[in-house]
Every structure is written in structure tokens, then in C-alpha cells.
Amino acid sequence: MINLKRKNNEQGFTLIELLVAMAVFMVIIVAVIDIFAVGLGGSQRIFGRQNTQDSARFILESMSKEIRMSKINTADGQSNTLNITNSKGQTLNYVFDNVNKQITRGGAVLNSSNVEITGTFYVQKSGNLPPRVTPALKVVNKTGQTAQRVVMNLQTTISSRRYDQ
40 MINLKRKNNE QGFTLIELLV AMAVFMVIIV AVIDIFAVGL GGSQRIFGRQ NTQDSARFIL
100 ESMSKEIRMS KINTADGQSN TLNITNSKGQ TLNYVFDNVN KQITRGGAVL NSSNVEITGT
160 FYVQKSGNLP PRVTPALKVV NKTGQTAQRV VMNLQTTISS RRYDQ
């Protein structure tokens with residue numbers, strides 16, 4: 040004779056309990072993975088912003104230092120090229136190559152390969168004020184996905200300390 044009575048001391052999970060436990064576990068795993076992905080994307084964006092700022096800072100500081108002690112040969116107005124004669128008597132061109140998205144100094148590329156730079160120079164040599172150059176540049180990092188790219192628009196005005204212009 041078959042015993043159809045169920046014993047109360049049997050241990051184990053029913054199929055429903057197992058499915059509910061697996062569903063809860065999967066929800067927790069998906070939430071943890073999503074939080075990790077958001078954190079990773081944020082850190083990549085911060086890294087891209089830092090690289091972009093470092094490259095822009097280097098370019099602006101090196102240009103400012105040289106332009107400040109140079110004679111500005113470029114006429115008043117807006118131009119992609121800035122012609123200067125530095126303190127050593129060398130004539131140099133700073134050129135915004137907006138096609139290749141880079142800036143060059145005497146033919147040498149100043150920006151790193153991780154950023155694209157476009158821009159223009161505004162030259163003012165009128166009145167009793169010293170000549171001024173305003174480089175306006177747009178810096179975009181090329182690392183990461185398109186949605187994580189950082190775009191910075193920067194400009195500064197540099198006054199030349201040479202008054203023999």
C-alpha cells in the first residue's frame with residue numbers, strides 16, 4: 040500500500056519558492072551591474088574631461104608665454120593664422136587647422152592625438168593699448184564613445200609686452 044500522507048518534517052523548496060528566489064536574485068544582480076556600468080561611464084567622462092583640460096591648458100599656456108614676449112605681425116581682425124616674431128628673432132606661425140582639427144606652431148602639432156581642436160585668433164593692434172591676441176578654441180576629446188565626449192570652448196586675451204610694434 041502506498042502512503043499518500045505527507046510528512047511535516049520534510050525539508051526542501053517547492054518549485055514556486057525556487058522560482059521566486061531566482062527572480063529576486065536576478066533583480067539584485069541586474070541592479071548591481073547597472074550601478075557598476077553607471078559608475079564606469081562616469082569615471083570615463085571624468086578622465087576625458089581631465090585629458091581635455093590638460094591639453095587645452097598646455098596649449099593656452101605655451102601660446103601665452105610666447106605671444107606675450109613677441110612682436111605680433113598679423114593684421115587686425117580674425118584669422119586662423121597668427122604670425123609672430125619671438126624674442127629670439129624667429130618668425131613663427133600658429134595655425135588652427137580646422138580641417139584636421141589641430142593647432143600647429145611652426146609646423147609642429149601642439150595638441151595630443153586624443154583631442155580635436157578648432158579655433159581662430161582675434162588680433163587688436165589699435166589705439167594706445169598694447170597689441171592683444173585672443174585665441175578662441177573649441178577642444179573635443181576623441182576618447183570613449185560619442186555620448187561621453189567632452190566639449191570645451193575656451194578663450195583668453197594675451198597682451199604683448201613689446202611696444203615697438
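In the working numbering, the protein residues as written are 40 to 204. Glycine included, every Cβ here is placed at the ideal spot set by N, Cα and C.
Item, Value
"Have a look at the DSSP bridge pairing and note the partners of residue 160.", "118 and 174"
"Note down the Cα distance separating residue 106 from residue 175, rounded to an integer number of angstroms.", "15 Å"
"Going straight from the alpha carbon of residue 95 to that of residue 67, what length do you get?", "42 Å"
"For the alpha helix (DSSP H) containing residue 91, list its first residue and its last residue.", "54 to 107"
"So, residue 188 versus residue 180, is the Cβ gap smaller than 8 Å?", "yes"
"Given a threshold of 16 other Cβ atoms within 10 Å of its Cβ, counted over all protein chains shown, does residue 142 qualify as buried or as exposed?", "buried"
"Straight-line CA distance for residue 87 to residue 163?", "34 Å"
"Taking the beta carbon of residue 97 as the centre, do at least 16 other beta carbons fall within 10 Å, making it buried, or is it exposed?", "exposed"
"Excluding five sequence neighbours on each side, which residues of the same chain lie with their C-beta closer than 7 Å to the C-beta of residue 124?", "109, 110, 112 and 130"
"Kindly indicate which residue of 103, 55 and 58 has the alpha-carbon position closest to the one of residue 196.", "103"
"Would you mind working out which of 132, 161 and 138 sits nearest residue 147, comparing C-alpha positions?", "132"
"Is it right to say residue 192 is buried, meaning 16 or more other beta carbons lie within 10 angstroms of its own, or is it exposed?", "exposed"
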